[in-house]
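Okay, so the sequence shown: first residue is 208 according to the working numbering, each after it adds one.
The C-beta atom is built at its ideal place from N, Cα and C for all residues, glycine as well.
Comments concern the structure below.
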Amino acid sequence: MFTGIIKEIGTIRDVLQEREVLNLKIHSTEVIKDLAVGSSVAIDGTCQTVVDLTDDNFAVQVIPETLKLTTLGKFQRGDKVNLESALKLNEDISGHLLTGHIDGLGQVADVKKEGKTAEFAIKPPHQLGKFIARKGSIALDGISLTVAQCDDEQFKVAIIPHTLQETTLGSKKAGDLVNLEVDILARYVERMMSVGDNRLNQNKLKEEGFI
């Protein structure tokens, strides 16, 4: 599990395709302190397993399914990436709970900068729209954010100066793709509303005393 609070911007040191597996080597000075072989680490919000590490680099192996669903297959040497080590039980959850399992790719539709802040408009895949709500949580490239506005086509997030400086969002522009992870609670609610006799509907909510 992760929280969406980015701990470091890492740098892609090497990209090597070996048959169906993409090997990535990433430079890190802070997050690597929490890692060991076998540890989970979020790279632009995507949970990966550390397979090797040295003093300032760690390596992961990306399988085809992940390459298909995320931006990891587009990485090149020198690219900057958001890094977060796995949540420890004694740590604060300053963002929101994330699994590191990406739900789909969003496209940056527009970026409006006002002084040191910015507003991003993101077009999500159509099937994810039902999980995105105003004032709800969402993760972009592993960054925990709050939805400011949303409609059937896109949603907007407001970015504070600290986030622009401490993550890769500061370099994003219209047309760029971002990894999206919707709120895990929204996924479970949608499942409850759609399955068999346990469907969650207005009558069920009344029976349970919620309305």
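Query, Result
"Supposed close pair residue 249, residue 315 - CB separation, criterion 8 Å", "The Cβ separation is near 20 Å, so there is no contact."
"Test item: CB-CB of residue 305 and residue 210 under 8 Å", "yes"
"Stretch-stretch touch, CB-based, cutoff 8 Å, three pairs: the stretch 226–233 with the stretch 316–333", "no"
"Sequence-distant residues of the same chain with beta carbon closer than 6 Å to residue 351, five excluded per side", "211, 302 and 303"
"Residue 238 and residue 217 closer than 8 Å at C-beta", "yes"
"Residue 271 versus residue 414 - alpha carbon distance", "45 Å"
"For residue 220 and residue 289, believed in contact at Cβ under 8 Å, the rounded distance", "Going by Cβ atoms, the distance from residue 289 to residue 220 rounds to 16 Å, so no, they are not a contact pair."
"Beta-carbon spacing of residue 357, residue 346 below 8 Å", "no"
"Contact check, residue 335 vs residue 396, beta carbons under 8 Å", "no"
"In chain order, each beta strand (DSSP E) run of at least 3 residues that lies wholly inside the stretch 278–360", "287–292, 311–321, 324–330, 344–347 and 350–357"
"Burial state of residue 279, where buried means 16 or more other Cβ atoms lie within 10 Å", "buried"
"Own chain partners of residue 246 with C-beta closer than 6 Å, once the 5 adjacent residues on each side are dropped", "257"
"Cβ neighbour criterion (16 or more within 10 Å) applied to residue 387", "buried"
"Contact under 8 Å by Cβ, residue 379 with residue 328", "no"
"Beta-carbon spacing of residue 252, residue 307 below 8 Å", "yes"
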